[in-house]
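Notes follow the structure.
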Amino acid sequence: MSAPASAPVPEKSSSSLWLDAWRRLLRNRLAAAGGLMLILLAFACLFGPLLSPYGYADQNLDNTFAPPGAGHWLGTDQLGRDLLVRVLYGGRISLGVGLCATFVALTIGVIYGAVAGYIGGRTDAVMMRLVDILYALPFTIFVILLMVFFGRNIVLLFVAIGAVEWLTMARIVRSQIMALKKMEFIEAARSLGYGNRRIIFRHLLPNALGPIIVYSTLTIPAVMLLEAFLSFLGLGVQPPMSSWGTLIKDGAEKMEEYWWLLVFPGALFSLTLFSLNFLGDGLRDALDVRAAKD
Amino acid sequence: MFRFVARRLLQVIPVFFVIITATFFMVRFVPGGPFTAEKAVSPEIMRNIEAHYGLDKPLWRQYLTYLGSISRGDLGPSFKYPNRTVNEIIGDKLPVSLELGALSLSVALVLGLTLGVLAAVRRNTWLDYLASSTGLLGICIPTFVLGPLLVLLFAIKLGWFNASGWYTPADRVLPSLTLGFVYAAYIMRLTRGGMLEVLNQDFIRTARAKGATEIRVVFRHALRGGLLPVVSFLGPGIAGILTGSFIIETIFQIPGLGREFVNSAFNRDYTLVLGTVILYASLIVICNLLVDIAQVWLNPKLKFE
C-alpha cells in the first residue's frame, strides 16, 4: 500500500447535513421566533444604550419613580435613573454571565467527557464515579457559600456556576464518544498513525457536535437562572452594576407602588428564558438528538 | 433488593465525607471570623472566646473534634446566638421549611400529574394546549418573579392573602403555589411525554382490545410506565424545592431554615453553616436514594443494575 496521501478532508460535503438541520430549524416556527428574539435582544442590549440620551447611572432626583411614559419609556427608579437603559445594561450582564459560564461548563465538560469516554476502562470508571459523587452534592448551597465568603466577584461567579453545570455535559459527551470510537473511521484514523489528541479533537468531537450544541443552548437558561437566583439573594452582581436578577430584586421590594420596576425586568428575563428554551428544543429536533443519557 | 439498598447506602458515606470536609475547610479558610464584626474587644477577651469555642486549637484537631461530635449527632454551639446550639436552631426552623417543601411538592405533583395525564389523553385538544402552555409558563417564569407578582395581585390589589408571614393556613397558599408551580410545569411536561410514549405501545392496544375501559387503561396500565420520567425527576426536583425555599422564605418572610442558612453564611456562623449544609445534603442524598428505589420498583427492567 502506498503511503497515505495527505487525506483531503472534504469539509464542504458535510455541510449538507448542517444545511438540512438549518432548514428544519427554520421550519420550526417557535424555534425560529425564539432565535430571532434572542438576536434582537442581544442587539438591543449591546447597542440600545448608545442610542439613549440617558446614561446607565445618571440620576435625576427631580424625576424619581416616574411611571412609564414619553420621556422614559419604562419609567425611572428611586434615583430617577432610566429603567430602559438599566434593563438593557442588565441584559448585557445576564446574557454575558450566561454565555461565559456556559463556555466554562462546556470546556470542562467536553474535555472531561471526551477523555473518559476515549480512554475507557478503569480510568473511565474512576472519572465517572467522581461525576456521580459530585452529582449528589448540593451545589447551589456551595455556590452560595463561595459567593458569601470570597466576595461577590463576577469572575468567581462564572467559575462557580460553570463548575456546577459541567457534569451533565461530561456525561453526554462521554456516551457519544463511547459510541463513536468503535466506528470504522476512527480505526482508519488510528491506522493512519494519528495521535490520540488529534483523533479526539479532529475526528470524534466534530461528530458529537449536535448534542453538544443542543445541550449548551439549554445550559444557558439554567445558568442565567442560577445567576438571577444568587443576585436575588444579594449574592450576585454588585452595584453599581446590575443584572436582571438584581433589577428584579429591587423591583420586588418596591412593587407595591411602582409596579413597572418589577414587571419590565421580569418580563424581559422570562422572554429570554422562553426564547432560549424554544431554540434549544428546536435545535434538538433539527439535529435529531435523542435524549442523550448513559 | 436488600443488597441494592445496602450498596447505595455504602456509596452515601464518601459523599457525606466530601461534603463535611469541603464545607469545614471552606468555612475556615475564609477571611473574617464570626467575631470580627463585633466592637473591638481586647485580645485577652478574644482569646477567651476562641478558647471557649475551641478555635485556638490546631485546625486538624478542630476537624477531628467536629467529626467526633457529628457522629454523636451533636452539631455544636452556634457562634452567633449565644447559649443556643445548632441542633436547637435547626429543630426550631426545620419544621417550617419542611412544611413549605411538602406543600409545594404536593402542589407540584397534583397539578403536574393531573395536567400531564389530561394533556396526553386528550392530545391536540384545547385541554392539551392549555396544559402545555401552563407548562411553558412555569418553566420560563422563575419563582422570584412569580412570587412578587402573586403578592402584588392577590395580596396587595385583591387583599385575599397576607403579603408575608407564616401564621394562618391562608399564609401557606401563596408561598406553596409559587414554589410548587415551577416543578408542576416540569412534572406536567414529563408526564405528558411519558404517557404519550406508553399509550402508543402494543400492550395498551391489547388492553383496549380486551375491552378495558378508558379509565382502566389510563390508570391501571399506562400510568405506571408513564410515571417513570417523573420519578427520576423527583430527585433533582426535591433538591430544587429545598434550595428554592431560600428565595421563597426571603420573599414571604417565612421563619424557616432556608433564610436562616443564608443569614448564617453572612454572619459567618461556622457551626450553623456547617450544620445546615450537612442537614440539607443528607436530605437530598436520602431523597435520591428513595427515588432510585422507587424507580427500580416501577421498572423491573432495571433489576437493581
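If you read the sequences in order, they're chains A and B. Taking this note's numbering, the leading residue of the first sequence gets 68, the next gets one more, and so forth. Taking this note's numbering, the leading residue of the second sequence gets 57, the next gets one more, and so forth. C-beta: ideal position from N, C-alpha, C; glycine also. Quick caveat, the model's predicted, so the values are computed rather than measured.
key: Cβ pair count under 8 Å reaching 3, the segment 158-171 of chain B against the segment 230-241 of chain B   = yes
Cβ pair Gly172(B), Met244(B) closer than 7 Å = yes
ask   = With distances taken between CB atoms, is the gap from Val198(A) to Ala168(A) smaller than 7 Å?
value = no
ask   = Should Phe308(B) and Val318(B) be called a contact, given that it needs their Cβ atoms to be closer than 7 Å?
value = no
ask   = With which residues is Pro133(B) paired in a DSSP beta bridge?
value = Thr141(B)
ask   = What residues in the segment 185-209 of chain B bring their beta carbon closer than 8 Å to a beta carbon of chain A?
value = Leu192, Ile195, Cys196, Ile197, Pro198, Phe200, Val201, Gly203, Pro204, Leu205, Val207, Leu208
task = Within 10 angstroms of the Cβ of Asp348(B), are there 16 or more other Cβ atoms? Answer buried if so, exposed if not.
result = buried
query = Per DSSP, what kind of secondary structure is Asp258(B) in: helix, strand or coil?
reply = helix
request  = Using a Cβ cut-off of 7 Å (strictly closer), state whether Phe322(B) contacts chain A.
outcome  = yes
ask   = Using DSSP with H/G/I as helix, E/B as strand and the rest coil, what is Ala72(A)?
value = Caution is warranted here: a pLDDT of 46 is assigned to Ala72(A), below 50, making its placement in the model unreliable, and no coordinate value can be reported.
request  = Leaving out five residues on either side along the sequence, give the residues of the same chain with a beta carbon under 6 Å from the beta carbon of Ala350(B).
outcome  = Val287
query = For Val318(B) and chain A, any beta-carbon pair shorter than 7 Å?
reply = yes
query = By a C-beta neighbour count over all protein chains shown, 10 Å radius and 16 as the cutoff for buried, is Phe331(A) buried or exposed?
reply = buried
query = Rounded to a whole number of angstroms, what is the C-alpha to C-alpha distance between Arg387(A) and Asp191(A)?
reply = A query on residue 387(A) cannot be resolved here, the shown segment of chain A reaching from 68 to 361 and no further.
message = Quick check: the Cα distance between Trp85(A) and Leu276(A), rounded to an integer number of angstroms?
response = 11 Å
ask   = What does a CB cutoff of less than 6 Å around Asp361(A) pick up in its chain, not counting 5 residues either side in sequence?
value = At Asp361(A), the pLDDT of 34 sits below 50, so the modelled position is not reliable; the number obtained from the coordinates is stated separately. Only Arg238, Ser242 meet the Cβ criterion.
message = Just to confirm my understanding: we take Val76(A), look at its own chain, exclude 5 residues before and 5 after, and list those with CB closer than 8 Å. What are they?
response = Residue confidence is low: Val76(A) scores 48 on pLDDT, short of 50, so the model does not pin down where it sits. Its coordinate-derived value is still stated next. Result list for Val76(A): empty, nothing under 8 Å.
Residue-level contact to chain A via CB, Thr299(B), 7 Å cutoff = yes
key: Extent of the continuous alpha helix (DSSP H) to which Trp182(B) belongs   = 182-196
key: Thr121(B) versus Ser283(A): straight-line alpha-carbon distance, rounded   = 44 Å
message = Under 8 Å, with one C-beta from each stretch per pair, do the segment 271-286 of chain B and the segment 244-259 of chain B reach the 3-pair mark?
response = yes
request  = Tell me, please, whether the CB atom of Leu126(B) is closer than 7 Å to any CB atom in chain A?
outcome  = At residue 126(B) the sequence reads Ile, which differs from the Leu that was named. By this cut-off, Ile126(B) is not an interface position.
inquiry  = Is there a Cβ of chain B sitting closer than 7 Å to that of Thr207(A), yes or no?
reply    = yes
query = Which residue or residues does DSSP assign as beta-bridge partners of Asp148(B)?
reply = Paired residue(s): none; Asp148(B) is not in a bridge.
query = Roughly how many whole angstroms lie between the Cα atoms of Leu209(B) and Trp326(A)?
reply = 11 Å
query = Where does Thr269(B) fall in DSSP's three states?
reply = coil
task = Using three-state DSSP, classify Thr174(A) as helix, strand or coil.
result = helix
key: Coarse secondary structure for Thr348(B), derived from DSSP in three states   = It should be pointed out that residue 348(B) corresponds to Asp in this sequence rather than to Thr. Residue state, collapsed to three classes: helix.
key: C-alpha gap between Val61(B) and Val152(A), whole angstroms   = 56 Å
key: Those residues which DSSP pairs with Thr143(A) across a bridge   = Asp149(A)
ask   = By Cβ distance below 6 Å, which residues in the same chain neighbour Ala176(B) in space, the five residues on each side in sequence not counted?
value = Arg248, Met251, Leu252
message = Closer than 8 Å is the cut-off here; do at least three beta carbon pairs connect the segment 336-345 of chain A with the segment 209-222 of chain B?
response = no
request  = Excluding the 5 residues preceding and the 5 following Lys321(A) in the sequence, name in chain order all residues of the same chain whose CB lies nearer than 6 Å to its CB.
outcome  = Leu328
Collapsed DSSP secondary structure at Phe252(A) in the structure displayed = helix
request  = Look at the alpha carbon of Leu93(A) and the alpha carbon of Ser189(B), and state the distance between them as a whole number of angstroms.
outcome  = 22 Å
message = Looking at Ser298(A): is its Cβ nearer than 7 Å to the Cβ of Cys196(B)?
response = no
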